Amino acid sequence: MSWVSIFAEYFICWWITLFIVLPIGLRSQADDNSVVNGTVRSAPARFRPLRVFLLTTVMAAIFYAIWYYATAILGLNALSFPRIVPVFT
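Just so we're aligned: 73 in this note's numbering is position 72 of the sequence shown, and the numbers increase by one with no gaps anywhere.
Structure follows, in structure tokens:
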């Protein structure tokens, strides 16, 4: 597998993981009772991008390692599993 493929697959995994990580530990301005004029009540009270970036990177690396092990080492793919829908011929 080429490095470009590995990077592309990891980036897709990272991007999906980002949307899992974003709401973790998020407190809105309404939760803190400190709504700033001109913002919505659901805006984050304190956004910590470095924490989100690091947590996303670590979790995506774990997810990608599991996926890589299952596909490259164990040889699992979509054809490895039994069909659950009937085949009409």
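Here a beta-carbon is modelled for each residue, glycine too, at the ideal position from N, C-alpha and C. As the structure is a prediction and not an experimental result, all values here were calculated from the model.
Same chain, Cβ closer than 7 Å to residue i, five either side skipped, listed in chain order
| i | result |
| --- | --- |
| T57 | W15, T18, L19 and V22 |
| F64 | C14 and T18 |
| V37 | Q30 |
Cβ-based neighbour list, residue i, same chain, cut-off 8 Å, excluding 5 preceding and 5 following
| i | result |
| --- | --- |
| A46 | R28, S29, Q30, D32, D33 and S35 |
Cβ separation of residue i and residue j, assumed to be a contact under 8 Å, to the nearest whole Å
| i | j | result |
| --- | --- | --- |
| A71 | L77 | 5 Å |
Where residue i falls, given that 16 or more other Cβ within 10 Å makes a residue buried
| i | result |
| --- | --- |
| A61 | buried |
Sequence-distant residues of its chain with Cβ nearer than 6 Å to residue i (five each side left out)
| i | result |
| --- | --- |
| W68 | none |
Unbroken alpha helix (DSSP H) runs of length 4 or more, entirely within the region 10-52: which are they? Listed in chain order, they are 30-33.
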